[in-house]
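Mind the numbering: the sequence shown is residues 64 to 421 in my numbering, read in order.
Glycine included, every Cβ here is placed at the ideal spot set by N, Cα and C.
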Amino acid sequence: MPLLARTVATPIAIEVRPGAVAALAPLLKAGHISSGGKVAIVIGPGHGQRIAEQLAASLPTASVTTVSGGTLDAALELIAELRNDFHDAVVGIGGGRTVDVAKYAASMSGLPFVSVATTLTHDGLASPVATLESHGRKASFGVHVPIAVFVDINEVRTAPPEHIRSGAGDVLSNLSAIADWELARRERDETVDGLSVSLARTAGEALLDLAPGTDRYLTTLAEALILSGLAMTFAGSSRPCSGACHEISHALDAYHGSPGLHGAQVAFGARFATWLRGEHQLLEALDHALVVNELPRRPEDLGIDRDIFVQAVVEAPRTRPDRFTILEHLDPSPARVEELVDDYLTTFDTPVDATQPR
């Protein structure tokens with residue numbers, strides 16, 4: 064008998080709207096996650112404390128733990144704390160670092176995880192991946208998919224603008240990552256999952272012609288980040304959302320002190336990778352979106368110089384040894400990378416006018 068469908072774990076509930084946090088306690092009961100509200104609430108240094116206080120009346124038996132920094136040590140400390148008591152689930156409230164720490168701890172403790180995002184920095188809010196820093200380097204860990212995802216637009220609306228820009232950059236980089244995956248299929252007969260590509264592409268294209276500054280934009284961005292997380296879940300890897308763009312970002316993190324937020328770095332890398340592949344139509348659309356979203360297009364926009372850019376491109380392939388992208392396909396020598404970077408920077412000397420439609 065043929066396999067008629069695939070079964071993949073996905074969130075049982077996704078709420079993206081103003082006031083979404085108010086639905087948390089009823090969902091825990093209705094979804095049979097925690098009928099008595101005995102959950103571990105994990106908050107970060109931002110809005111988490113206020114939201115936890117709002118939930119206190121509806122979740123009186125919940126415990127509240129504050130974590131700081133998206134580190135593996137913080138996650139291990141949280142795991143030890145979770146083992147001191149019994150909980151039905153872990154609820155992570157905050158930005159990307161807080162959610163990743165809580166997600167990892169919940170997964171390692173065998174507990175369901177509920178993601179409550181107060182900002183939209185990257186696609187980790189709904190992905191099966193937790194990015195944590197250890198010994199000065201960031202590493203990605205496979206974890207369970209959140210059982211529920213909440214994005215309260217009232218909270219996101221007050222997030223730092225650079226966090227929203229970072230989220231947009233992470234989503235837009237999908238379009239370059241997909242192109243790298245399709246390149247791997249042509250050159251190495253790598254299997255490409257069509258459903259994962261459809262989700263990731265839909266997420267990326269949703270932001271191409273949408274200007275920031277409205278609740279519609281924030282809602283679209285949140286849903287695009289969730290779609291990206293689901294794309295990785297269906298693929299069983301980060302492949303639909305991570306290509307040369309992320310390799311360059313990982314090199315900037317590992318060797319050059321993380322000059323920008325994750326989404327800003329991968330957007331910067333996506334522009335260069337798209338230029339390397341010679342995809343002029345995508346490059347034009349992506350370039351315009353980066354300008355509209357005030358994302359870095361040139362090294363100085365990211366706070367680095369030409370030489371660090373060159374070094375990051377040279378170092379990028381070693382950050383993902385098993386991944387085939389345009390960088391592995393071209394396999395340029397360090398001298399050739401310098402030539403490519405100089406050609407690229409010369410090509411884009413003329414700035415794009417964000418007020419003009421593409």
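So, helix, strand or coil for residue i, using DSSP?
i, result
"F204", "strand"
"I77", "strand"
"T410", "helix"
"P123", "coil"
"V130", "coil"
"I210", "coil"
"A103", "strand"
"G323", "coil"
"D186", "helix"
If you draw a straight line from the alpha carbon of residue i to that of residue j, how long is it in whole angstroms?
i, j, result
"V239", "A307", "For the record, residue 239 in the displayed sequence is Ser; it is not Val. Approximately 8 Å, taken between the alpha carbons."
"R248", "P303", "13 Å"
"E378", "P397", "9 Å"
"T181", "D215", "7 Å"
"D272", "T221", "23 Å"
"S172", "L346", "43 Å"
"P380", "R334", "17 Å"
"P395", "E250", "17 Å"
"R113", "R80", "18 Å"
"H150", "A327", "37 Å"
"P223", "V153", "26 Å"
"G187", "R279", "21 Å"
"S312", "A120", "42 Å"
"V219", "L183", "7 Å"
"A285", "S98", "28 Å"
"A103", "G299", "28 Å"
Given a cut-off of 7 Å on the beta-carbon distance, is the pair residue i and residue j in contact?
i, j, result
"H185", "H351", "no"
"A266", "A242", "no"
"L353", "R360", "yes"
"T283", "A269", "yes"
"A168", "L141", "yes"
"R399", "E310", "no"
"I210", "P175", "yes"
"D262", "A294", "With the sequence shown as reference, residue 262 is identified as Leu, and Asp is not the correct amino acid for it. Cβ atoms of L262 and A294: closer than 7 Å."
"A137", "V164", "yes"
Where does the unbroken alpha helix (DSSP H) through residue i begin, and where does it stop?
i, result
"L426", "Outside the displayed range of the chain (64 to 421) lies residue 426, so it cannot be described from this structure."
"A294", "D278 to A298"
"V355", "H343 to V355"
"S229", "P224 to L235"
"P89", "L87 to A93"
"T265", "G257 to A269"
Tell me where the beta strand (DSSP E) around residue i begins and ends.
i, result
"G173", "Segment: none, G173 is in no beta strand (DSSP E) and carries neither H nor E."
"V154", "A152 to G157"
For chain B, check one thing: does any of its Cβ atoms lie closer than 7 Å to the Cβ of residue i?
i, result
"T70", "In the structure shown, chain B cannot be found, because there is only a single protein chain."
For the structure I just gave you, are there three or more beta carbon pairs, one from the stretch 111-130 and one from the stretch 65-83, closer than 8 Å? no
For the pair the stretch 333-346 and the stretch 247-260, tell me if three or more CB-CB distances fall below 8 Å. no
Under 8 Å, with one C-beta from each stretch per pair, do the stretch 127-135 and the stretch 157-164 reach the 3-pair mark? yes
Does the stretch 81-93 come close enough to the stretch 315-323 that 3 or more CB-CB pairs lie under 8 Å? no
I want to know whether the stretch 224-231 touches the stretch 198-212 - three or more CB-CB distances under 8 Å. no
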